[in-house]
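**Q** FYI, our numbering numbers position 110 of the sequence shown as 130, with every residue one higher than the one before it. Can you keep this structure in mind? I'll have questions shortly.
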Amino acid sequence: MIVEKLFSKHAALVFALCIAISNHSRAQEAKTTEEPFKPNSELALVISHAHVFEGRNESGEKQTLSLPSWSIDYTYKFTKRWAIGLHTDVIVEKFKVENHSKDEESEEIERSYPVAPALVGIYKLPRHWSFVLGFGGEFASEGSYALTRTGVEYSAEISKGWEVFGTVSYDFKWNAYDTWATGIGIAKSFGSAK
């Protein structure tokens, strides 16, 4: 019941973002002049849900979990198309998951508020889409796992130096469980203007 309410609220936010982005896209197409690119830094805050297919409920039965999470992303845009960043996800809940290690049999483990930073490379298409690929780790008191992160973002400028964006990412945790996340965020550019 709680998961359904959270999902419907999240879906409403994504729908509102799509409408705003659509309106913004039309306005951007009307512009004919483009400013020259200057390298800059960007700081973003993202609210999202992390989904775990190998989750376990209180009685140990398999259940897909939808967990609240936040992300704090730092990005340095060094060309118009390429950027690097440190994107850090934090799941703000304790949960149990079935761990699929290649060396051992499956076991149920608990994770307490895991933090997952990843060093990522970002490629931005000519319009609003960006693709993300990077490596990092997930850290919790119960143990740590290496991970590979992939993702896609759709962003729109809402005013000079400010962007709103939607994101979908997937974390492949090596010898462990995987998570995928959907979120909506806001970003502020610092330093030189775009």
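Even glycine gets a Cβ: it sits at the ideal position worked out from N, Cα and C.
1. Please return the same chain residues whose Cβ sits closer than 7 angstroms to the Cβ of S89, not counting the five positions on each side in sequence.
2. Tell me A207's beta-bridge partners as DSSP assigns them.
3. Exposed or buried, what is V66 when buried is set at 16 or more other beta-carbons lying within 10 Å of its beta-carbon?
4. What's the call for L85, buried or exposed, on a 16-neighbour Cβ count within 10 Å?
5. Excluding sequence positions up to five away, which residues of its chain have a Cβ less than 7 angstroms from the Cβ of E162?
6. What separation, rounded to the nearest whole angstrom, lies between the Cα atoms of R169 and F192?
7. Out of T199, W194 and W102, which has the shortest C-alpha to C-alpha gap to P146?
8. Quick check on this structure: which residue in Y174, G80 and G75 has the alpha carbon closest to the alpha carbon of V117?
9. For A70, which beta-bridge partners are listed by DSSP?
10. How about G186 and I204: are their beta carbons less than 7 angstroms apart?
11. Give every residue of the same chain whose Cβ lies closer than 7 angstroms to the Cβ of T199, excluding the five residues on either side of it in the sequence, and list them in chain order.
12. With a threshold of 7 angstroms on Cβ separation, who are the neighbours of G141 within its own chain once the five nearest residues in sequence on each side are excluded?
13. Decide if S126 is buried, meaning its Cβ has at least 16 other Cβ atoms within 10 Å, or exposed.
14. CB A166 to CB N119, shorter than 7 angstroms?
**A** In terms of the structure at hand:
1. S68, H69, A70, D109, V110, I111, V112 and A201
2. A64 and E183
3. buried
4. buried
5. I129, E130, R131 and S132
6. 6 angstroms
7. W102
8. G75
9. L87 and A201
10. yes
11. A70, H71, V72 and D191
12. I104, L153 and G154
13. exposed
14. no
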